[in-house]
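Everything below concerns the one structure shown next.
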Amino acid sequence: MEKRDVTRSDIEKILDRHEIRNASISSFPKSGQKAVFKIYTDESSFILKIYNVTPYDSINQAEFDHHIDPDEFELQKNEENQLYTLYIEREVNASKECSIFPKMIITEKIEDYSMEDHFYKYYFEELVEGETLNTSKYYREENSIEEIAVFLYKALGLIDEMWSTTYVHRDIKPNNVIVHGDEVKFIDPGLAKSANDEAITRTGFVVGTPRYWAPEQQGIQSNYNWTFKTDLYPLGLLAIEMFLPEFRNQNGPNLKDMNLVFKKWKEKDDSKESVDFFRTIINRLSSERIYRRANSIEELQNKLLKYKGGIDRC
Numbered sequence: 135m136e137k138r139d140v141t142r143s144d145i146e147k148i149l150d151r152h153e154i155r156n157a158s159i160s161s162f163p164k165s166g167q168k169a170v171f172k173i174y175t176d177e178s179s180f181i182l183k184i185y186n187v188t189p190y191d192s193i194n195q196a197e198f199d200h201h202i203d204p205d206e207f208e209l210q211k212n213e214e215n216q217l218y219t220l221y222i223e224r225e226v227n228a229s230k231e232c233s234i235f236p237k238m239i240i241t242e243k244i245e246d247y248s249m250e251d252h253f254y255k256y257y258f259e260e261l262v263e264g265e266t267l268n269t270s271k272y273y274r275e276e277n278s279i280e281e282i283a284v285f286l287y288k289a290l291g292l293i294d295e296m297w298s299t300t301y302v303h304r305d306i307k308p309n310n311v312i313v314h315g316d317e318v319k320f321i322d323p324g325l326a327k328s329a330n331d332e333a334i335t336r337t338g339f340v341v342g343t344p345r346y347w348a349p350e351q352q353g354i355q356s357n358y359n360w361t362f363k364t365d366l367y368p369l370g371l372l373a374i375e376m377f378l379p380e381f382r383n384q385n386g387p388n389l390k391d392m393n394l395v396f397k398k399w400k401e402k403d404d405s406k407e408s409v410d411f412f413r414t415i416i417n418r419l420s421s422e423r424i425y426r427r428a429n430s431i432e433e434l435q436n437k438l439l440k441y442k443g444g445i446d447r448c
């Protein structure tokens, strides 16, 4: 069964359901099963997120295995659908429970939409103004240690706020970070995990974006005890990409090779302040061993304040 992308006609039908007409529509790059659209009307602007939850894998497997038991087939389809739905529910629940994320609007629940044998879920969300980190000033211009310290201080504040409600984002990456003026925000908490969530992740399931995921996100166990330390890891990688632009185009293993990164870091700036920043901040964020990462967000923030006037800008 071929996957079906959302069409403009689908979007217009969904908008019409909610009496939203004469809207301008622009799309973001598609990401996996999710399509995201920015909707403009005379009264407001907002986000529409549509997820394709059709169990294609199960259906395609059944097309090749003609002896599959019907009950087992239904079970597989339901499990696949449940995994996709869990992603959406986690995103919505995180936005309800954690104040840093955009809120659901227009509807009070996740809605269903179908076209022939293809099934979708959708909801509306507040529009977050700004640009993604990878299109912002941080990736367009040279960054000083001070500028990186300011960014990290603010991002750590978001991680601290998430963790205060027991949430771990697990997918912090450049296009999930929004920069608007001096503000930094996280979006897209579809992989956000609360310590109170039911443990239904399958053993061996990988979570996150490989380039930025922490080592513990690969081949996880269903009962893994997530903490804020998983979210520290990608922050260090983002800081490396800010300070050393050449790593933005290199493969993930190079970005995570701290010996290589430290060598290039010193080649750019071998001042005592720069080297100390790497050792006391970057290493405490992105150590491969989770027990070597910082035990306290506040401790890291306090260290960041001393770097070149950061105390005035944070």
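Each residue of the sequence shown is one higher than the one before, starting from 135 at the first, in my numbering. Glycine included, every Cβ here is placed at the ideal spot set by N, Cα and C. Every value quoted in this text rests on a predicted model; they were computed, and no experiment measured them.
{"Query": "With 16 as the cutoff for other CB atoms within 10 Å, does K237 come out buried or exposed?", "Result": "exposed"}
{"Query": "Would you list, in sequence order, the uninterrupted alpha helix (DSSP H) runs of no fewer than 4 residues that lie entirely inside the stretch 218 to 284?", "Result": "271 to 274"}
{"Query": "By how many angstroms is the C-alpha of F362 removed from the C-alpha of D294?", "Result": "8 angstroms"}
{"Query": "Using 10 angstroms around the beta-carbon of K400, count the other beta-carbons present and answer buried if the total reaches 16, otherwise exposed.", "Result": "exposed"}
{"Query": "Which runs of the alpha helix (DSSP H), 4 residues or longer, sit entirely within the stretch 366 to 422?", "Result": "386 to 389, 392 to 402, 406 to 411 and 417 to 420"}
{"Query": "Could you pull out every unbroken alpha helix (DSSP H) segment of at least 4 residues lying fully inside the stretch 181 to 214, listed in chain order?", "Result": "190 to 198"}
{"Query": "Just to confirm my understanding: we take T188, look at its own chain, exclude 5 residues before and 5 after, and list those with CB closer than 6 angstroms. What are they?", "Result": "H252 and F253"}
{"Query": "So the beta strand (DSSP E) E317 belongs to, where does it begin and stop?", "Result": "E317 to F320"}
{"Query": "Measure the alpha-carbon distance for I244 versus I416 and round it to whole angstroms.", "Result": "39 angstroms"}
{"Query": "Could you please give the first and the last residue of the uninterrupted alpha helix (DSSP H) stretch that includes S143?", "Result": "R142 to R151"}
{"Query": "Quick check: the Cα distance between N310 and R382, rounded to an integer number of angstroms?", "Result": "16 angstroms"}
{"Query": "Pick from L389, D403, Q384 and P368: whose alpha carbon is nearest that of R427?", "Result": "P368"}
{"Query": "Look up K172 in the DSSP assignment and say whether it is helix, strand or coil.", "Result": "strand"}
{"Query": "Report all residues from its chain with a CB closer than 7 angstroms to the CB of I306; omit the five preceding and five following residues, and keep chain order.", "Result": "F320, Y346, D365, P368 and L369"}
{"Query": "With DSSP collapsed to three states, give me the class of I431.", "Result": "helix"}
{"Query": "Quick check: Y301 and Q435, are their CB atoms within less than 8 angstroms of each other?", "Result": "no"}
{"Query": "Determine whether the Cβ of L209 lies closer than 8 angstroms to any Cβ atom of chain B.", "Result": "Here there is only one protein chain, and chain B is not present."}
{"Query": "Which residues does DSSP pair with S161 in a beta bridge?", "Result": "F171"}
{"Query": "Compute the Euclidean distance between the alpha carbons of F198 and D404, then round it to the nearest angstrom.", "Result": "60 angstroms"}
{"Query": "Helix, strand or coil for I306? Go by DSSP, reduced to three states.", "Result": "coil"}
{"Query": "E259 and I181: beta carbons closer than 8 angstroms?", "Result": "yes"}
{"Query": "Taking the beta carbon of Q168 as the centre, do at least 16 other beta carbons fall within 10 Å, making it buried, or is it exposed?", "Result": "Here residue 168 is Lys; the residue named in the question, Gln, does not match the sequence. Result: buried."}
{"Query": "Give me the Cα-Cα distance between N215 and Q195, rounded to the nearest whole angstrom.", "Result": "15 angstroms"}
{"Query": "Measure the alpha-carbon distance for M376 versus I279 and round it to whole angstroms.", "Result": "10 angstroms"}
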